[in-house]
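Notes for the one structure printed next.
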Amino acid sequence: MRSAIVIAPQNLIELWNVCTRPSKNNGLGFTLSQTKAEIDRLKRLFVFLPDTHKIYSEWEKLVTIYEVKGVKVHDARLVAFMKVHDLSHILSFNIRDFRRFGDEVIPVHPKDIFDTTE
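So, in structure tokens, the structure goes:
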């Protein structure tokens, strides 16, 4: 069975950051209109779920239980979003970042689902 790919507001916020950051600073150097067009395209392609007030309380539990510090709090927020929306898998190039959350989520690397041999 094939599952829908879901995006969170946080995904698009982080994408805006990377897209509008200059390439010399490890960004993509897109213009604002290019960035907006890309975000609009992704919202049409994938299921866009909203943030809710429950995400913060779930996030607070996770960062406490798993002793999350520094920039890793953003990963914990995605996990909280997933729990609130009853999502089980996260697609990420950095699956190691999500292993700390144990059975809370199942991290999946894109190479494990997309056939790149063709």
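In terms of this note's numbering, the sequence shown opens at residue 40 and continues consecutively. Beta carbons: idealized from backbone N, C-alpha and C, even for Gly.
Residue i (DSSP reduced to helix, strand or coil)
i: I52; result: helix
i: M40; result: Its pLDDT being 49, under 50, M40 is placed unreliably by the model, and the measurement read from it follows with that caveat. Residue state, collapsed to three classes: coil.
Residues near residue i by beta carbon distance below 7 angstroms, same chain, minus five either side
i: S62; result: G68
i: P149; result: L130, F132
6 angstroms Cβ shell around residue i - same chain, five flanking residues per side excluded
i: P48; result: D90
i: V86; result: A43, V45
i: D136; result: D114
i: R60; result: G66
i: I145; result: S127, H128
Status (buried if at least 16 other CB within 10 Å, exposed otherwise) for residue i
i: A115; result: buried
i: A119; result: buried
i: K108; result: exposed
i: L71; result: exposed
i: K122; result: buried
Complete alpha helix (DSSP H) runs within the region 74-150 (minimum length 4 residues, chain order):
93-104, 112-123, 135-138
Take every Cβ of the region 64-83, pair it with every Cβ of the region 95-107, and state whether three or more of those distances are shorter than 8 angstroms.
no
Between the region 79-87 and the region 97-110, do three or more beta carbon pairs fall short of 8 angstroms?
no
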